[in-house]
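Student: Quick one: the structure is below, and I'll ask about it shortly.
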Amino acid sequence: THAGVLKLSQSTIELLFRFFPYSIDVLKPETSLIYGEAPVILECGSRKNAIVTIFGNTGHESGNIVGFGAEQVILVRDDYARKEILEYVGKQALVLTILECKGLEFQDVLLYNFFGTSPLQNRWRVIYEYMNEQDMLEHTESKSFPSFNDSKYNILCSELKQLYVAITRTRQRLWICENTEDYCRPMFDYWKKKCLVQFKELDDSLAQAMKVASSPEEWKSRGKKLYYQNNFEMATTCFERAGDSYWEKKSKAAGLRATANRLHDLNPEDANAVLREAAEIFESIGMAESAAQCFSDLGDYERA
1 THAGVLKLSQ
11 STIELLFRFF
21 PYSIDVLKPE
31 TSLIYGEAPV
41 ILECGSRKNA
51 IVTIFGNTGH
61 ESGNIVGFGA
71 EQVILVRDDY
81 ARKEILEYVG
91 KQALVLTILE
101 CKGLEFQDVL
111 LYNFFGTSPL
121 QNRWRVIYEY
131 MNEQDMLEHT
141 ESKSFPSFND
151 SKYNILCSEL
161 KQLYVAITRT
171 RQRLWICENT
181 EDYCRPMFDY
191 WKKKCLVQFK
201 ELDDSLAQAM
211 KVASSPEEWK
221 SRGKKLYYQN
231 NFEMATTCFE
241 RAGDSYWEKK
251 SKAAGLRATA
261 NRLHDLNPED
271 ANAVLREAAE
281 IFESIGMAES
291 AAQCFSDLGD
301 YERA
């Protein structure tokens, strides 16, 4: 990871030390000799949907895909946000939640709408208190800001930790994009004052420059990493992009089996239908043992 990204991640650690000194261990700041582009805040005007600007509105159209590559990811806060983004991007990009991406690294990360979906909302303004203490605010800017107290701001701790995880997933380029300016301004001001970010207007030529194609081998490699983390939906997309139908089916069936397990207590009928589909796919690719296990769980001992 290059210096630009490390400095940005360090700035979130700095805030954790200030507001929650007992929540993290004191470590020497990481340094890097690799020079890299400063993280980019994408500005895209309030009327434009950034995801549509980058990927077009091709959601579920097939054909020649020119989207993100296997070493690129869109990071979002939760499953709800992920489903929303997938409506637009379809199979053009990997979309993971911050929780799902722990332990994974990518060349490029687009962190989308982290602040806009934050439960802290306008309480991010407490950052100005720290900026004031550090003489980072001009007299002309003396903003009214709230004072920190533990009970009102305890959620800030987990928010900063999530932000840290998101930032440190990238080795090369980091883009941060918000679809509203309501809640991101305090952190953007903080980063701007520390000269840690650059602001760029998101236009078609930048959108084009963001995309990096991947080879089938790279897609397969990424697919396996996601598969072994039990992220079967995104793994299946990778294997499809790799053109590897065996792994695509294997991953799809594993995903169906996991869905069936989740549905088991809520809706046994649906769970059985999904499990049967998984069994059929396992059988079709010669994974007899997995198929037999599914049929056995369905009580279909003859097929098993």
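Residue numbers (full-length UniProt numbering): 1 to 304. Don't be surprised by glycine CBs; every beta carbon is placed ideally from N, CA and C. None of the values given here were measured: they were computed from a predicted structure.
Count the other CB atoms, across all protein chains shown, that sit within 10 Å of the CB of L266; report buried if there are 16 or more and exposed otherwise.
Tutor: It is exposed - the Cβ of L266 has fewer than 16 other Cβ atoms within 10 Å.
Student: Which of helix, strand or coil does DSSP assign to Y301?
Tutor: The answer is coil: DSSP assigns Y301 none of H, G, I, E or B.
Student: When you compare only the Cα positions, how much space is there between E129 and G45?
Tutor: So the alpha carbons of these two residues sit roughly 28 Å apart.
Student: Spatial neighbours of T170 within its chain, please: CB distance less than 8 Å, with the 5 preceding and 5 following residues excluded, ordered by chain position.
Tutor: Excluding residues within five positions, the ones whose Cβ falls inside 8 Å are T1, V5, E105, F106, Q107, D108, V109.
Student: Classify R262 as buried or exposed, calling it buried when 16 or more other Cβ atoms lie within 10 Å of its own Cβ.
Tutor: By the neighbour-count rule (16 or more Cβ atoms within 10 Å), R262 is not buried but exposed.
Student: List the endpoints of the continuous beta strand (DSSP E) containing Q72.
Tutor: Taken as a continuous stretch (DSSP letters only), the beta strand (DSSP E) holding Q72 covers 72-76.
Student: Ignoring anything shorter than 3 residues or poking outside the segment 68-113, list the beta strand (DSSP E) runs there in chain order.
Tutor: Counting whole runs of 3 or more residues, the segment 68-113 contains the beta strand (DSSP E) stretches 72-76, 95-97, 106-112.
Student: Would you mind listing the beta strand (DSSP E) stretches within the segment 223-278 that are 3+ residues and don't spill past its ends, in chain order?
Tutor: DSSP runs (the beta strand (DSSP E)) wholly in the segment 223-278: none.
Student: Using DSSP with H/G/I as helix, E/B as strand and the rest coil, what is I285?
Tutor: Coil.
Student: Can you tell me whether Q72 is buried or exposed? The criterion is at least 16 other CB atoms within 10 Å of its CB, across all chains shown.
Tutor: Its Cβ being crowded by 16 or more others within 10 Å, Q72 is buried.
Student: Taking buried to mean at least 16 other C-beta atoms within 10 Å of its own C-beta, is G67 buried or exposed?
Tutor: G67 should be labelled buried.
Student: Here's a check: name, in chain order, each residue in its chain whose Cβ is nearer than 8 Å to the Cβ of S284, leaving out the five neighbours to either side.
Tutor: K249, listed in sequence order.
Student: Cβ of S215 less than 8 Å from any chain C Cβ?
Tutor: The structure shown has no chain C; it contains just one protein chain.
Student: Check this for me: beta carbons of I13 and Y112, under 8 Å apart or not?
Tutor: Not closer than 8 Å, so no.
Student: Give the single residue among K193, A207, K161, M131 whose Cα lies nearest to the Cα of C177.
Tutor: Nearest option by C-alpha distance: A207.
Student: Since C157 is in the alpha helix (DSSP H), which residue starts that stretch and which ends it?
Tutor: First-last of the alpha helix (DSSP H) with C157: 150-167.
Student: Can you tell me where the alpha helix (DSSP H) with I51 in it begins and where it stops?
Tutor: Per DSSP, I51 belongs to the alpha helix (DSSP H) from 50-55.
Student: Under the DSSP definition of a beta bridge, which residues are partnered with K194?
Tutor: According to DSSP, which records beta bridges pairwise, K194 is partnered with nothing at all.
Student: In three-state DSSP terms, what is I24?
Tutor: I24: coil per DSSP, three-state reduction.
Student: In this structure, how does DSSP classify E181 when only helix, strand and coil are distinguished?
Tutor: Here E181 sits in coil by DSSP.
Student: For the beta strand (DSSP E) holding V40, just list the boundary residues, first then last.
Tutor: Unbroken beta strand (DSSP E) run through V40: 40-43.
Student: Look at the alpha carbon of K192 and the alpha carbon of L137, and state the distance between them as a whole number of angstroms.
Tutor: Roughly 11 Å between the two C-alpha positions.
Student: Look at the Cβ atom of L160, then the Cβ atom of L16, and state whether they are nearer than 8 Å.
Tutor: Yes, Cβ-Cβ distance for L160 and L16 is below 8 Å.
Student: On the three-pair Cβ rule with 8 Å, is the segment 74-81 touching the segment 225-244?
Tutor: They do not touch, by the three-pair rule.
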